[in-house]
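Per my numbering, the sequence shown runs over residues 3 to 247.
So the structure is just underneath, and the comments pick up after that.
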Amino acid sequence: SLGRILGTRNHTCVNGGGSTGCMGSMNQGVMDVNGKVVGVIHEMFVKKGSSYVEGCHDVFKQKDQDENVQLIVVGGKDLQERKRMLVKDADALVVLPGGPGTFDELWEMACARQIGFIQMPIVCVNVNGYYDSFKNMLERAHKDKFLYKNPNEILHFEETSAKAVKYVEDILTNVGKNYVRKKKNLEKRPSTLQRMMSAFNVPSNFVSTEDKDDKSDFSPKLFSMAPLAVAFLLGVSTGFILQRK
């Protein structure tokens with residue numbers, strides 16, 4: 003169901019491209035609704051002299067005919083480059099039940115989130131309590147003071163794919179709203195120079211460097227601020243000296 007949900011909600015599903023297990027089911031779900039999917043595999047699975055990729059889901063065999071399908075082949079002596087490409091430009095991580103490869107990727111991203119390398123939400127689809135032991139391990143680590151953050155700040159758990167996607171969408175929506183709010187506040191906040199000018203009753207356009215008729219980098223208006231700047235610095239220095247005395 004995760005693949006169908008991501009596809010119908012116009013999200014791009016990036017995964018390891020597999021045809022078996024939860025990954026295979028997810029890719030099938032994306033394929034069923036003609037969604038956007040990107041597979042990232044290691045070159046060891048590519049047969050020499052052929053474009054056929056062992057173990058890849060059938061959806062990736064359509065990569066040359068369907069613009070919604072992309073297959074990325076990476077190299078390297080290990081899986082590090084593949085893992086890097088899996089999360090490159092990602093907005094969130096949704097983790098389905100899996101084996102050692104999934105555990106490796108999950109804990110690496112959990113570590114990165116704990117120490118601040120990434121801020122993206124990570125949510126585990128905890129089908130039938132599959133990830134209960136992970137949750138318990140984090141809680142024990144927090145209790146024994148091995149974590150920098152609370153467990154729920156590192157990993158989040160939902161019972162279904164639908165709830166996991168809803169959680170991620172809510173988080174990203176709130177992040178977007180907060181970004182816009184902060185940006186507006188920064189735009190409205192007067193600069194230090196503007197506040198200083200206000201204290202000296204200097205007109206706000208006194209130091210404007212914008213000149214409709216002059217596109218040069220320097221403006222004579224800047225130099226007219228020199229006496230005020232010097233006076234301000236001298237005042238600060240004098241006040242500091244008097245305070246010292």
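We treat Cβ as the ideally placed atom computed from N, Cα and C, and that holds for glycine.
- Listed in chain order, the beta strand (DSSP E) elements of length 3 or more contained wholly in the stretch 112-167 are 124-127 and 158-160.
- The C-alpha of HIS44 lies about 17 Å from the C-alpha of GLY26.
- Residue pairing of THR14 in beta bridges, as defined by DSSP: LYS38.
- CA-CA distance, ASP146 to LEU140, rounds to 10 Å.
- ASP106 sits close to LEU81, with the two beta carbons spaced by under 9 Å.
- CA-to-CA, the gap between GLY100 and CYS24 works out to about 7 Å.
- When the Cα atoms are used, ARG6 and VAL129 turn out to be separated by approximately 17 Å.
- The Cβ neighbour count for LYS79, taken over all protein chains shown within 10 Å, is under 16; the residue is labelled exposed.
- Judged by DSSP secondary structure, VAL76 falls outside any alpha helix (DSSP H) and instead within the beta strand (DSSP E) spanning 71-76.
- DSSP, read as helix, strand or coil, puts GLY20 in strand.
- Judged by DSSP in its simplified three-state form, LEU88 adopts helix.
- By the C-beta criterion, the stretch 84-99 is judged not to be in contact with the stretch 60-69, since fewer than 3 inter-stretch pairs fall below 8 Å.
- Looking from the CA of PHE148, the closest CA among CYS113, CYS15, LYS38 and GLN121 belongs to CYS113.
- Distance from ASN70 to GLY19 at the Cβ level is roughly 14 Å; contact not present, criterion being Cβ atoms closer than 8 Å.
- By the beta-carbon neighbour count (other beta carbons within 10 angstroms, threshold 16), ALA166 is buried.
- Residue state for LEU98 is assigned as coil, using DSSP reduced to three classes.
- In the DSSP assignment, HIS44 is bridged to VAL76.
- VAL75 and VAL42 have their C-alpha atoms spaced approximately 6 Å apart.
- Taking C-beta separations shorter than 7 Å and ignoring five residues to either side along the sequence, the partners of PHE47 in its chain run VAL55, GLU56 and GLY57, following chain order.
- Judged by their CB atoms, GLY9 and VAL39 are nearer to each other than the 9 Å cut-off.
- C-alpha of LYS90 to C-alpha of GLN121: approximately 13 Å in a straight line.
- When the Cα atoms are used, ASN12 and ASP34 turn out to be separated by approximately 13 Å.
- Cβ atoms of VAL127 and GLU155 stay farther apart than 8 Å, at about 19 Å.
- Around TYR133, the same chain offers CYS126 and PHE159 as residues with beta carbons nearer than 7 Å, after the five sequence neighbours per side are excluded.
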